[in-house]
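Chains as they are written, first to last, in this note's numbering: chain R, -9 to 402; chain A, -9 to 402.
Where is the CB? At the ideal position from N, CA and C, for every residue including glycine.
For reference, the structure discussed in these notes is given below.
Number of protein chains: 2
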Amino acid sequence: MENFKKAAILTIGDELMIGQIVDTNSTWIAAFLDQLGWKVSRKLGVPDSIEEIIEGMNICLDAADLLIMTGGLGPTNDDLTVDALCQFFNCEKVWHEDTWQRFIEILKRFGREPTEEHKQQCYQPETAEILSNNHGSAPGTLFRREDKIIISLPGVPNEMKYILEHKAAPLLPKGNIIEHRIIRTAGEGETILAHKIEDIEASLPVDIKLAYLPNFSQVTLRLSAYGENKKDALDQFEQQIIDRLGQLVYGTGNCTLSQSIGEMLAKRGESLGTAESCTGGYIAHLITSVPGSSNYYLGSVIPYAYELKTSLLSISTEMLMEYGAVSQEVITKMAEGVKEKLDVTWSIATSGIAGPGGATPHKPVGTIWIACSGPGGTKSRLLKLTRDRKSNIEYTAIAALVMLRNMILEEN
Amino acid sequence: MENFKKAAILTIGDELMIGQIVDTNSTWIAAFLDQLGWKVSRKLGVPDSIEEIIEGMNICLDAADLLIMTGGLGPTNDDLTVDALCQFFNCEKVWHEDTWQRFIEILKRFGREPTEEHKQQCYQPETAEILSNNHGSAPGTLFRREDKIIISLPGVPNEMKYILEHKAAPLLPKGNIIEHRIIRTAGEGETILAHKIEDIEASLPVDIKLAYLPNFSQVTLRLSAYGENKKDALDQFEQQIIDRLGQLVYGTGNCTLSQSIGEMLAKRGESLGTAESCTGGYIAHLITSVPGSSNYYLGSVIPYAYELKTSLLSISTEMLMEYGAVSQEVITKMAEGVKEKLDVTWSIATSGIAGPGGATPHKPVGTIWIACSGPGGTKSRLLKLTRDRKSNIEYTAIAALVMLRNMILEEN
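See below:
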């Protein structure tokens, strides 16, 4: 692995240096480069300063053949990357008419005129190849020097991703051979999974690595093979793991849990509806993030307030008074009520105390009921979570989707 | 600012270099150091390699008086930081009896015995000051060299935070004085904002910096002052910017857009409901992510399917047939229908084609209607977006919240 082609990532911005935002760009870029067979050997973050940017570029290029930089391309005074690039490559800023025409065109759609600031972003380093930005204003640039490639991209994540994927990647030389297999699981933690496949892991050759990526009750397993002719071995180990983990595996590659459920429903010609209280729309959001979800997902009611549980889902005031909204009786009724109301094959319901407020003496924060209803009946489950509001909502959503998936599988 | 005390952060681990995990440690450390008045001038990530760790330390110490390193302290073969430290400081690993005694004590609580792996973690660099770890096994270490301080911490976030806060911070010399002000805006892009406050920005003294952090139609502005006695000047510039930007500013500090709307509603004793089609629950999720949102948010209907627009929101089949679900007529009716149905003061509705499928000859992907209804009537707006599904959903949600906020402000 020593003679592998190496890449470096340079992120620019004071906001990174004072810890104001988490740097997700360099993570995305690293994963993207890895897929293309580039091994990232250095990730560097520097403040908004021409001197520091140039020094950073030197540090990165000392260790890499490819440098991807992000940030500092906006129109404001703290955006210094273009100036740094001109200084680094010893060239002038020149007017780029295409970028200007694109601005005029985009702004026209919104009935607006370009400003002086837009004009400024049309000046680009003379020696650069321009990577046009279909998702925003500042274009990316590409430079070649002594067999090395330097690419500068905007820091806005969707613009950066677009340009790197569609404009820059096709211009990159072929990387090393790295192949991955991604196995996605839900419903058990990393320790249990590792224990289940202990012997398979022990039998892996040195050039095939297994990594675990836990995220709440979802764990992604990644097999990576370095070098040529590893495809068959990789396929074989992937299949061994999938067979061993059985129902815990919901998909491979980039599949998400809600997508795998969507595919099952679409294939069965069945439909889904949700009634979310404590998750407040997050499950609906996960389901509708999947393209084509309108083919099986009919909709949701979010009866956040007490009264709406009655008016939208016909849960009687007596029942709510007797058991409380966070109870097995009410969650069952919610799942069954929304299934009937929306006339769907399957339904999911959630109700609980996400926190930090809302606890009662018998129901602490994190007390959450989930239920799923389908052709064979209704199942419910009590979660006792201990995390913050955001995490409790996310965990509950995944747990409910896992429950639904298992019920669909059992229904056959 | 040149003679400011500088710090650097070195993160170690292959998982960072292949983009397998997002590096939240360095963000947390940067924010922590910033509060202590240390300016982070370099953030570097390197793989699990003794050579790369040592080179990384040199790169960091070239630019900083304080180096915080994390990762590579575990018991497995890919944990190489202690060896790298010994090589860097030219010293031996020696047995650290206190760490051993702590292991025995902690494991006893769980009814377990220390293993060979625990023993290995008791060997620490001879010249290190040990920073004991009350939250895990591997201790941190501190080294002093030529007025510089080097601190090595475990990569497990809660262990790293504990040792840095409780064991390392008290040993650090006093940092510089840095103060920040955060101004949060929505509804206009960075370019327009910069244009509006051009003269204020030009009048900032050299030791007060302004930065822009754009994210879709939200832009966060940050004023940072370096040195003593800057509080008043900072307050003054913050107020000038807030006054100039007026309604575009929705909050300061850590406030989110949905939180600022929530505070307005709570103060006014008013309520909110939503009817989301194309955003599929994402607006409800943003609103209910705010603790205490059940005080003003009553709930939502998500009539994803055509039929539910009729059954849940009483939109006539004739109207849907005549204008289509993505139309000004239907979005207005959705906003008004859900306001009435849920008996709320305010409502938000969305309907559109998030993509990639669903386009018609007259309604391309990205054609999205939003509407808000309140005591003074209903407003609607057509968005023509050009992004991918995920971005279209996110952009629409923010645009709808901005619209609601403006209507509440105008209602007075």
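From the options, residue whose alpha carbon lies closest to that of residue i
i: residue 374 of chain R; options: R/392, R/400 and R/344; result: R/344
i: residue 149 of chain A; options: A/131, A/377, A/379 and A/-3; result: A/131
i: residue 406 of chain A; options: A/185, A/34 and A/337; result: Outside the displayed span of chain A (-9 to 402) sits residue 406 of chain A, for which this structure offers no information.
i: residue 421 of chain A; options: A/1, A/18, A/371 and A/157; result: There is no way to answer for residue 421 of chain A, as the model of chain A reaches only from -9 to 402.
i: residue 76 of chain R; options: R/88, R/99, R/119 and R/268; result: R/119
i: residue 114 of chain A; options: A/87, A/106 and A/96; result: A/87
i: residue 47 of chain R; options: R/6, R/267 and R/142; result: R/142
i: residue 32 of chain R; options: R/0, R/61, R/5 and R/145; result: R/0
i: residue 327 of chain R; options: R/303, R/85, R/184 and R/259; result: R/303
i: residue 163 of chain R; options: R/55, R/66 and R/243; result: R/55
i: residue 24 of chain R; options: A/368, A/19, A/25 and A/10; result: A/10
i: residue 125 of chain A; options: A/97, A/210, A/353 and A/255; result: A/97
i: residue 38 of chain A; options: A/64, A/22, A/325 and A/281; result: A/64
i: residue 59 of chain R; options: R/67, R/329, R/105 and R/147; result: R/147
i: residue 202 of chain R; options: R/356, R/184, R/152 and R/194; result: R/184
i: residue 81 of chain R; options: R/91, R/128 and R/133; result: R/133
Counted within 10 angstroms of its Cβ, other Cβ atoms place residue i as buried (16 or more) or exposed
i: residue -8 of chain A; result: Reliability of the predicted coordinates at residue -8 of chain A is poor, the pLDDT of 46 falling under 50, and no value is obtained from them.
i: residue 307 of chain A; result: exposed
i: residue 7 of chain R; result: buried
i: residue 89 of chain A; result: buried
i: residue 108 of chain R; result: buried
i: residue 45 of chain A; result: buried
i: residue 349 of chain A; result: exposed
i: residue 298 of chain A; result: buried
i: residue 351 of chain R; result: exposed
i: residue 192 of chain R; result: exposed
i: residue 399 of chain R; result: exposed
i: residue 210 of chain A; result: buried
Residues of its chain near residue i, where Cβ-Cβ distance is below 7 Å and the 5 sequence neighbours each way are ignored
i: residue 289 of chain R; result: 263 and 332
i: residue 224 of chain R; result: 169, 171, 198, 213 and 215
i: residue 287 of chain A; result: 262, 277 and 278
i: residue 61 of chain A; result: 1, 2, 3, 71 and 145
i: residue 296 of chain R; result: 310 and 315
i: residue 334 of chain R; result: 261, 262, 263 and 288
i: residue 294 of chain A; result: 267 and 270
Extent of the continuous beta strand (DSSP E) run through residue i
i: residue 212 of chain A; result: 208 to 216
i: residue 115 of chain A; result: 113 to 115
i: residue 139 of chain A; result: 138 to 143
i: residue 246 of chain A; result: Neither: residue 246 of chain A is in no beta strand (DSSP E) and is coded neither H nor E.
i: residue 100 of chain R; result: Neither: residue 100 of chain R is in no beta strand (DSSP E) and is coded neither H nor E.
Extent of the continuous alpha helix (DSSP H) run through residue i
i: residue 307 of chain A; result: 307 to 313
i: residue 77 of chain R; result: 71 to 78
i: residue 352 of chain R; result: Careful: residue 352 of chain R lies outside any alpha helix (DSSP H) and carries neither H nor E.
i: residue 300 of chain A; result: 296 to 303
i: residue 273 of chain R; result: 272 to 278
i: residue 152 of chain A; result: 147 to 152
i: residue 327 of chain A; result: 318 to 332
i: residue 18 of chain A; result: 15 to 25
Cβ shell of residue i (< 6 Å), same chain only, five flanking positions each side left out
i: residue 230 of chain A; result: 190
i: residue 13 of chain R; result: 1 and 6
i: residue 321 of chain R; result: 339, 341, 359, 361 and 370
i: residue 84 of chain A; result: 116
Beta-carbon contacts of residue i that lie in its chain and below 8 Å, excluding the five residues immediately before and after
i: residue 51 of chain A; result: -2, 57, 138 and 140
i: residue 166 of chain A; result: -6, -5, 27, 28, 29, 216 and 217
i: residue 247 of chain A; result: 174, 176, 208, 240, 241, 276, 388, 391, 392 and 395
i: residue 368 of chain R; result: 322, 325, 326, 361 and 362
i: residue 110 of chain R; result: 65
Minimum Cβ-Cβ distance from residue i to chain B less than 9 Å
i: residue 127 of chain A; result: Looking at the structure shown, chain B is missing, and the protein chains on hand are R and A.
Original post:
Mind listing which residues of the stretch 314 to 341 of chain A have their C-beta closer than 7 Å to chain R's C-betas, in chain order?
Top reply: Listed by position along the chain: 332.
**OP:** Report the residues of the stretch 176 to 199 of chain A with a CB closer than 8 Å to any CB of chain R, ordered along the chain.
**Re:** Those would be 180, 181, 182, 184, 185, 191 and 199, in chain order.
Original post:
When Cβ atoms are compared, which residues of the stretch 5 to 23 of chain A fall closer than 9 Å to chain R?
Top reply: Per Cβ criterion, the list reads 5, 6, 7, 8, 9, 10, 11, 12, 13, 14, 16, 17, 18, 19, 20, 21, 22 and 23.
Subject >> Chain-ordered residues of the stretch 259 to 274 of chain A with a beta carbon less than 9 Å from chain R >> reply: Cβ contacts with chain R come from 261, 263, 264, 266, 267, 268, 269, 270, 271, 272, 273 and 274.
Subject >> Short-range partners of chain R found in the stretch 362 to 380 of chain A, where Cβ spacing is below 9 Å >> reply: Taking 9 Å as the Cβ-Cβ cut-off against chain R, the residues of the stretch 362 to 380 of chain A that qualify are 374, 376, 377, 378, 379 and 380.
Original post:
Taking a cut of 7 Å between CB atoms, which residues from the stretch 140 to 157 of chain R lie near chain A?
Top reply: If the cut-off is 7 Å between Cβ atoms, the stretch 140 to 157 of chain R has 146 and 148 near chain A.
**OP:** Would you list, in chain order, the members of the stretch 101 to 135 of chain R that have their beta-carbon closer than 8 Å to a beta-carbon of chain A?
**Re:** So the list reads 105, 106, 107, 108, 124, 125 and 127, given in the order they occur along the chain.
**OP:** Below 8 Å between beta carbons is the criterion; list the residues of the stretch 275 to 287 of chain A that meet it against any residue of chain R, in chain order.
**Re:** Hits within the stretch, in order: 275, 277, 278, 279, 281, 282, 283, 284 and 287.
Original post:
What residues in the stretch 213 to 226 of chain R have a beta carbon less than 7 Å from any beta carbon of chain A?
Top reply: Those residues of the stretch 213 to 226 of chain R placed with their C-beta closer than 7 Å to a C-beta in chain A do not exist.
Subject >> Near-chain A residues of the stretch 46 to 72 of chain R - C-beta to any C-beta below 7 Å >> reply: Of all residues in the stretch 46 to 72 of chain R, only 49, 64, 65, 66, 67 and 68 place a beta-carbon less than 7 Å from a beta-carbon of chain A.
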